[in-house]
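Heads up: the structure comes next, in structure tokens.
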Amino acid sequence: MSLATFFEKLDRRWIFLAMGLLVLFPLLFPLALPLFVSSPVASFVKAVDSIPDGSKVLMSCDYDPSGIPEMVPMTRTALRHLLDKKCKVIITVLWNGGPGLVDKVVRKVVDEEYPDLKYGVDYVNLGYKAGDEAVMVLMGQGIVNAFPKDYRGSDTRSMPIMRGVRDYSSFPMLVNISSGYPGTKEWVQQVQARFHLPMVAGVTAVSAPEFYPYLQSGQLLGLLGGMAGAAEYEKARGEKGSATRGMDAQSLAHFFVAFCILLGNVVQWTKRRRAGA
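For the sequence shown, my numbering begins at 305 and goes up steadily by one.
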């Protein structure tokens with residue numbers, strides 16, 4: 305049996321097995337494949353670095369469990385970035401499927417890496433508020449008015465972190481991690497354009513091209529696009545998180561698919577050549 309005939313008759317389940325192993329291996333044992341920090345990600349890092357240490361920063365995490373692979377790594381790294389700068393982080397959620405997930409991510413980062421921080425003093429999760437753009441506008445009239453209770457049901461007015469917080473003018477920057485509507489586009493239209501609040505964003509890979517004009521116009525100071533953007537952010541920060549492992553797996557999978565396409569074409573070319581002879 306010739307090599308071409310062998311590949312032509314190869315059971316496709318072996319290909320599925322090889323693909324599965326190629327995806328699984330780097331998730332368990334990171335390969336640290338070469339990764340370069342793009343300009344939008346570098347701008348994101350520079351913008352967050354420019355926030356004065358100890359500032360109160362608004363962070364809106366607008367996604368649900370469907371966005372975990374892309375959004376959660378961004379959230380973790382951005383939260384670490386802010387907390388390393390001693391910033392006090394005020395978190396909101398505008399997706400009804402996101403509050404529990406976001407709270408779990410935040411608590412895991414704080415409990416494992418910043419155990420000395422106190423809830424309500426150094427960070428707070430204001431939770432979910434229905435209303436989409438209406439909530440954004442309401443926050444411009446008063447953050448406490450929009451969120452009188454936090455995710456845990458506590459009175460936000462009595463929290464030390466909320467003292468002196470009035471509206472968007474109380475923050476030097478908005479960090480938005482979003483996988484759809486309402487999200488980055490609405491924050492730009494309703495808040496950045498109206499209240500002139502500097503803003504950076506992390507979005508899904510499929511929606512990232514839509515926001516490059518916002519980056520070029522200066523309405524966004526930095527942009528993370530999908531898992532690749534999250535992995536580049538981790539690299540810029542010297543971290544090796546789930547996005548970096550995910551990109552290793554994705555890169556190997558893409559290489560294997562390309563190899564199979566090339567091999568299939570070689571097999572067919574060889575078969576036709578022999579048939580012609």
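Think of the CB as a built atom: it goes at the ideal place given N, C-alpha and C, for glycine as much as any other residue.
Beyond the five residues adjoining it in sequence on each side, Met-378 comes within less than 8 Å, by CB distance, of Ile-481, Gly-506, Leu-528, Gly-533, Ala-534, Tyr-537 and Ala-547 in the same chain, given in chain order. According to DSSP, residue pairing for Val-492 in a beta bridge does not occur. The Cβ atoms of Gly-444 and Val-397 do not sit closer than 8 Å to each other. Within a 10 Å sphere around the beta-carbon of Ser-364 sit 16 or more other beta-carbons, which makes this residue buried. Nearest Cα to Leu-326 within the set Lys-575, Tyr-472, Asn-449 and Phe-559: Phe-559. The Cβ atoms of Ala-512 and Gly-526 lie no closer than 8 Å to each other. With respect to the 8 Å criterion, Lys-360 and Lys-392 are classified as neighbours on the basis of their beta carbons. For Asp-353, the enclosing alpha helix (DSSP H) begins and ends at 343 to 353. Secondary structure of Lys-453 (DSSP, three-state): strand.
Taking the C-beta atoms as reference points, Asp-357 is found no nearer than 8 Å to Trp-399.
Of the residues assessed, Val-425 falls on the exposed side of the cut-off, its CB having fewer than 16 other CB atoms within 10 angstroms.
Counting only residues of its own chain and dropping the five nearest sequence neighbours on each side, Val-341 has a CB closer than 7 Å to the CB of Glu-536, Lys-539 and Ala-540.
Going by beta carbons, Gln-523 and Met-440 fall outside the 8 Å limit.
Between the beta-carbon of Val-428 and that of Ile-372 there is about 23 Å, and that puts the pair past the 8 Å contact cut. Beta-bridge annotation (DSSP): Ile-395 is paired with Met-363 and Asn-429.
Taking 8 Å as the cut-off, the beta carbon of Val-571 is found closer than this to the beta carbon of Glu-312. Cβ atoms of Asp-366 and Gly-402 come within 8 Å of each other, at about 7 Å.
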